[in-house]
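Notes follow once the structure below has been shown.
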Amino acid sequence: MALFFGWMGAHWWYLGRRGAVWITLYAAACLLATRWFPVWYDNPAFFLLFIPMIEGFIESAVLSLRPDEKFDRAHNPGLPASPRTGWGPVLVALGAVLIGSICGMFAIAMVVVYVWQAMGWLEGYVL
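The sequence shown: position 49 = 45 (the working numbering), numbered continuously.
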């Protein structure tokens, strides 16, 4: 859940964390703010959406690698113990790190280009 919907805080709702509504409202506000720009992917509101998205990738890796007993004790009290998960969560964590690092590098590169264009350092260059 954190891997695919971490950008909108869906895993916060499942884990019962306080403040989940703020993450969801933040993501919705960022998506709504992209409507006022000519290109939806080249604006500050879209760049700010990378913050909860990368947090979701990191948290999906952390939650995937947490031992089953510890996760059940913290988030599923009173329910029967879950069966051993095996290699599935490890592969999810590897995928989260891979996709998260790619998105993080993309976000940094886009922010640098956006800032350099705003400062006039890239005048005359065709990107």
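For glycine and all other residues, C-beta sits at the position ideal for the given N, C-alpha and C.
- prompt: Is the Cβ-Cβ distance between S56 and V86 less than 8 Å?
  reply: no
query: Is W83 helix, strand or coil by DSSP?
result: coil
query: Using a Cβ-Cβ cut-off of 8 Å (strictly less than) and excluding sequence neighbours within five positions of R80, which residues of its own chain qualify?
result: D64
message: For C26, which residues in the same chain have their Cβ closer than 6 Å to its Cβ, ignoring the five residues on either side in sequence?
response: A41, L44 and L45
- prompt: Which parts of the stretch 70 to 116 are runs of the alpha helix (DSSP H), unbroken and 4 residues or longer, counting only runs that do not cross its ends?
  reply: 84 to 115
message: Taking the alpha carbon of G134 as the reference point, which residue from C99, A(-2) and L61 has its own alpha carbon closest?
response: One cannot answer for residue 134 here, as it falls past the ends of the chain, which runs -3 to 123.
query: So, helix, strand or coil for P63, using DSSP?
result: coil
message: Check for me: the alpha helix (DSSP H) holding Y10 runs from which residue to which?
response: A6 to L11
query: Should G96 and I54 be called a contact, given that it needs their Cβ atoms to be closer than 8 Å?
result: yes
field: Among P34, R31 and V93, nearest to L(-1) - alpha-carbon criterion
entry: V93
query: With 16 other CB atoms within 10 Å as the buried threshold, where does G124 fall?
result: For the chain, the structure presents residues -3 to 123; residue 124 sits outside this window and is missing.
Terminal residues of the alpha helix (DSSP H) in which Y22 lies: A16 to A29
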